[in-house]
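Working notes, beginning with the structure itself.
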Amino acid sequence: SQTIHQWPATLVQPVGSPLSLECTVEGTSNPNLYWYRQAAGRGLQLLFYSVGIGQISSEVPQNLSASRPQDRQFILSSKKLLLSDSGFYLCAWDPSSGRGNEQFFGPGTRLTVL
Amino acid sequence: AQSVAQPEDQVNVAEGNPLTVKCTYSVSGNPYLFWYVQYPNRGLQFLLKYITGDNLVKGSYGFEAEFNKSQTSFHLKKPSALVSDSALYFCAVRARDNYGQNFVFGPGTRLSVLP
Numbered sequence: 354s355q356t357i358h359q360w361p362a363t364l365v366q367p368v369g370s371p372l373s374l375e376c377t378v379e380g381t382s383n384p385n386l387y388w389y390r391q392a393a394g395r396g397l398q399l400l401f402y403s404v405g406i407g408q409i410s411s412e413v414p415q416n417l418s419a420s421r422p423q424d425r426q427f428i429l430s431s432k433k434l435l436l437s438d439s440g441f442y443l444c445a446w447d448p449s450s451g452r453g454n455e456q457f458f459g460p461g462t463r464l465t466v467l
Numbered sequence: 229a230q231s232v233a234q235p236e237d238q239v240n241v242a243e244g245n246p247l248t249v250k251c252t253y254s255v256s257g258n259p260y261l262f263w264y265v266q267y268p269n270r271g272l273q274f275l276l277k278y279i280t281g282d283n284l285v286k287g288s289y290g291f292e293a294e295f296n297k298s299q300t301s302f303h304l305k306k307p308s309a310l311v312s313d314s315a316l317y318f319c320a321v322r323a324r325d326n327y328g329q330n331f332v333f334g335p336g337t338r339l340s341v342l343p
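Sequence order for the protein chains is A and B.
Here the first sequence is numbered in my numbering, starting from 354 and rising by one per residue.
Here the second sequence is numbered in my numbering, starting from 229 and rising by one per residue.
This is the structure we're talking about:
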């Protein structure tokens, strides 16, 4: 069966510090991968998605970047965090084989920027 | 452009009563529709989806949803609510034929089931 991992689970970082959040998927190959941010326990904002290694699409211009160095690894980064980067970050995947497939979400990373 | 509306920020229901969480959508062409649930500090958990066929879809934990094409709605329902159903619920849409469009999620509805 497939599983999705995110780490760390929680993170407290000072303003101006760098960020690296990691997401890995097991039990599947060539998944579509997504990074979302959720503010204040409400709606999801799609940040980045990837349909393959090295292929990243950005949905919202911002202080963040994403990379996909391996087929099942998706990394969210920042060189200098802002207060507004605080939130709950969710990684998700879905099979590349069809648009009727649901997305599967990781457990999330709670980021607090102080 | 795709969009999803969940007109109620909060739904309160007594335990044992039926519940409905509303969702309407806008998409070019035919949709794929999804419902997810989120418990505090957790990722989203898939409940059910409409792909094609029967307009009434049954999913996990006794939930069901009805696709209504004329009203562009996909309301989530459960005949008898449990306190443990209290959570944040998201509706999502994906255009069936527009490969340039990703999932679009609604703003979420917080369900509180009162004992």
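Quick reminder that beta carbons are idealized off the backbone N, C-alpha and C, glycines included.
Local conformation of residue i per DSSP, three classes
i, result
"residue 417 of chain A", "coil"
"residue 438 of chain A", "helix"
"residue 341 of chain B", "strand"
"residue 255 of chain B", "coil"
"residue 410 of chain A", "strand"
"residue 313 of chain B", "helix"
"residue 289 of chain B", "helix"
"residue 455 of chain A", "coil"
"residue 320 of chain B", "strand"
"residue 392 of chain A", "coil"
Paired residues, beta bridge with residue i - DSSP
i, result
"residue 400 of chain A", "Answer by DSSP bridge pairing: none, since residue 400 of chain A is not bridged."
"residue 294 of chain B", "B/284, B/303"
"residue 447 of chain A", "A/385"
Residue i classed as buried or exposed, judged by whether at least 16 other C-beta atoms fall within 10 angstroms
i, result
"residue 337 of chain B", "buried"
"residue 455 of chain A", "buried"
"residue 467 of chain A", "exposed"
"residue 380 of chain A", "exposed"
"residue 282 of chain B", "exposed"
"residue 385 of chain A", "buried"
"residue 266 of chain B", "buried"
"residue 320 of chain B", "buried"
Rounded separation between residue i and residue j - CA only
i, j, result
"residue 322 of chain B", "residue 330 of chain B", "6 angstroms"
"residue 436 of chain A", "residue 289 of chain B", "38 angstroms"
"residue 422 of chain A", "residue 241 of chain B", "47 angstroms"
"residue 285 of chain B", "residue 303 of chain B", "10 angstroms"
"residue 445 of chain A", "residue 245 of chain B", "33 angstroms"
"residue 312 of chain B", "residue 271 of chain B", "17 angstroms"
"residue 357 of chain B", "residue 309 of chain B", "The requested residue 357 of chain B does not occur in the structure, where chain B is confined to residues 229 to 343."
"residue 237 of chain B", "residue 376 of chain A", "30 angstroms"
"residue 505 of chain A", "residue 431 of chain A", "Nothing can be reported for residue 505 of chain A, as the shown portion of chain A is limited to 354 through 467."
"residue 318 of chain A", "residue 440 of chain A", "For chain A, the structure presents residues 354 to 467; residue 318 of chain A sits outside this window and is missing."
Against chain B, which members of the segment 445-465 of chain A pass a CB distance test of less than 9 angstroms?
Contact annotation: in the segment 445-465 of chain A, residues whose CB is within less than 9 angstroms of a CB in chain B are 445, 447, 452, 453, 454, 455, 456, 457, 458, 459, 460, 461, 463.
Interface positions of the segment 392-413 of chain A facing chain B (Cβ-Cβ less than 7 angstroms), listed along the chain:
Taken in chain order, the members of the segment 392-413 of chain A whose beta-carbon sits within less than 7 angstroms of a beta-carbon on chain B are 394, 395, 396, 397, 399, 402.
Taking a Cβ distance cut-off of 7 angstroms, strictly less, list which residues of the segment 254-279 of chain B are near chain A, in chain order.
Listed by position, the residues of the segment 254-279 of chain B near chain A (Cβ gap below 7 angstroms) are 260, 262, 269, 270, 271, 272, 274, 277, 279.
Taking a Cβ distance cut-off of 8 angstroms, strictly less, list which residues of the segment 426-445 of chain A are near chain B, in chain order.
If the cut-off is 8 angstroms between Cβ atoms, the segment 426-445 of chain A has 441, 443, 445 near chain B.
Name the residues in the segment 289-315 of chain B whose C-beta lies less than 8 angstroms from a C-beta of chain A; which are they?
Result list empty, no residue passes.
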